[in-house]
Amino acid sequence: QVTLKESGPGMLQPSKTLSLTCSFSGFSLSTSGMVVSWIRQPSGKSLEWLAAIDWDGDKYYNPSLKSRLTVSKDTSNTQVFLKITSVDIADTATYYCARRPPIAAISLYVMDAWGQGASVTVSS
Amino acid sequence: DVQMTQSPSNLAASPGESVSINCKASKSISKYLAWYQQKPGKANKLLIYSGSTLQSGTPSRFSGSGSGTDFTLTIRNLEPEDFGLYYCQQHNEYPPTFGAGTKLELK
Chain A
169 QVTLKESGPG
179 MLQPSKTLSL
189 TCSFSGFSLS
199 TSGMVVSWIR
209 QPSGKSLEWL
219 AAIDWDGDKY
229 YNPSLKSRLT
239 VSKDTSNTQV
249 FLKITSVDIA
259 DTATYYCARR
269 PPIAAISLYV
279 MDAWGQGASV
289 TVSS
Chain B
355 DVQMTQSPSN
365 LAASPGESVS
375 INCKASKSIS
385 KYLAWYQQKP
395 GKANKLLIYS
405 GSTLQSGTPS
415 RFSGSGSGTD
425 FTLTIRNLEP
435 EDFGLYYCQQ
445 HNEYPPTFGA
455 GTKLELK
């Protein structure tokens with residue numbers, strides 16, 4: 169069974185760095201073709217893809233936020249991390265991690281298994 | 355970035371009815387469109403990718419069609435569990451982008 173779970177600070181102040189962790193089971197990020205993405209959703213709004221990391225350690229970022237994002241993974245290939253620097257109120261959202269399905273030749277950006285999301289509030 | 359425009363924003367229907375949700379891309383995305391379902395307290399669910407390919411586990415009452423810039427998600431014979439939010443997402447080019455969502459409500 170594939171599961172993903174996001175964790176984060178819940179609340180942080182403007183200008184700080186947001187650190188998020190995606191812990192998953194049921195698959196390994198060391199498997200060829202595997203990709204884990206981060207997506208966020210402000211309350212009542214749509215989804216925004218932020219970043220992804222693949223099995224080979226290649227990283228992909230949304231150009232609109234690239235300068236503030238860093239995605240990484242742990243050596244056991246069971247966790248993925250996202251850091252967002254210099255947060256402000258506009259970064260208040262639910263943050264999701266999601267996996268690319270293990271289907272041959274499928275786009276990097278299709279996501280078949282999602283976590284339930286971690287709510288992050290930026291407030292002074 | 356490719357802009358995705360979904361319509362309608364809200365849709366009310368009854369169980370047993372059929373509904374369609376549209377998604378229009380600002381430029382051609384070939385067939386590379388996915389549909390997701392979002393419900394409170396549940397993980398987002400991939401329903402369809404590459405325009406018309408049903409994800410494993412997606413009921414056959416769901417179907418996707420379209421190519422280029424215009425796509426449609428059709429749900430036939432609505433079941434009570436189908437009510438929720440639906441998002442389209444283009445997966446043709448980087449960065450992937452989502453539509454604004456369609457809320458399917460019980461009439």
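Chains A and B are the protein sequences, given in the same order.
With positions in the first sequence counted from 1, the corresponding number in the working numbering is that position plus 168.
With positions in the second sequence counted from 1, the corresponding number in the working numbering is that position plus 354.
Ideal Cβ positions, reconstructed from N, Cα and C, are used throughout, including at glycine.
Applying a beta-carbon distance threshold of less than 7 Å, which residues of chain B neighbour residue i?
i, result
"A/W282", "A397, N398"
"A/S291", "What A/S291 touches in chain B: nothing, since even the nearest Cβ is about 23 Å away."
Quick one: which chain B residues come within Cβ less than 8 Å of residue i?
i, result
"A/N230", "P449"
"A/S214", "Y441, F452, G453, A454, G455"
Which residues does DSSP list as the beta-bridge partners of residue i?
i, result
"A/D222", "A/V203"
"A/V248", "A/C190, A/K241"
"A/R267", "A/V204, A/A281"
"B/I429", "B/V373, B/F416"
"B/K399", "B/Q391"
"A/A287", "Going by the sequence as given, residue 287 of chain A is Ser instead of Ala. A/T262."
"B/A366", "B/E459"
Mapping DSSP to helix, strand and coil, what is residue i?
i, result
"B/I375", "strand"
"A/S235", "helix"
"A/A272", "coil"
"B/E435", "helix"
Measuring CB to CB, does residue i end up less than 7 Å from residue j?
i, j, result
"B/G422", "B/W389", "no"
"A/S175", "A/M279", "no"
"A/Q284", "B/A397", "yes"
"B/L458", "B/F437", "yes"
"A/T185", "A/K234", "no"
"A/S292", "A/Q169", "no"
"B/P362", "B/P434", "no"
Which residues in chain A sit within 9 Å of residue i, going by Cβ to Cβ distance?
i, result
"B/Y403", "P269, I271, I274, S275, V278, D280"
"B/A366", "None at all; the shortest Cβ gap to chain A is about 19 Å."
Using a Cβ-based criterion (distance less than 6 Å to any ligand heavy atom), does residue i qualify as near the ligand ATP?
i, result
"B/Y441", "Judged by which ligands are present, the structure shown has none, so any question about the ligand ATP falls away."
At a CB-CB cut-off below 8 Å, which residues of chain E make contact with residue i?
i, result
"B/Q409", "Given the protein chain composition of this structure (A and B), no chain E is represented."
At a CB-CB cut-off below 7 Å, which residues of chain A make contact with residue i?
i, result
"B/A388", "V278"
Give a yes or no on contact between the stretch 429-440 of chain B and the stretch 273-287 of chain A, applying the rule of three or more CB pairs nearer than 8 Å. These segments do not touch.
Please determine if the stretch 207-221 of chain A and the stretch 253-272 of chain A are in contact, where contact requires at least 3 C-beta pairs separated by less than 8 Å. Between the stretch 207-221 of chain A and the stretch 253-272 of chain A there are three or more C-beta pairs closer than 8 Å, enough to call the two in contact.
Is there contact here, the stretch 184-202 of chain A with the stretch 216-235 of chain A, by at least three beta-carbon pairs under 8 Å? Touching, yes.
Specify whether the stretch 446-455 of chain B and the stretch 370-386 of chain B touch according to this definition: at least 3 beta carbon pairs, one from each stretch, less than 8 Å apart. Because the criterion of three Cβ pairs below 8 Å is met, the stretch 446-455 of chain B and the stretch 370-386 of chain B touch.
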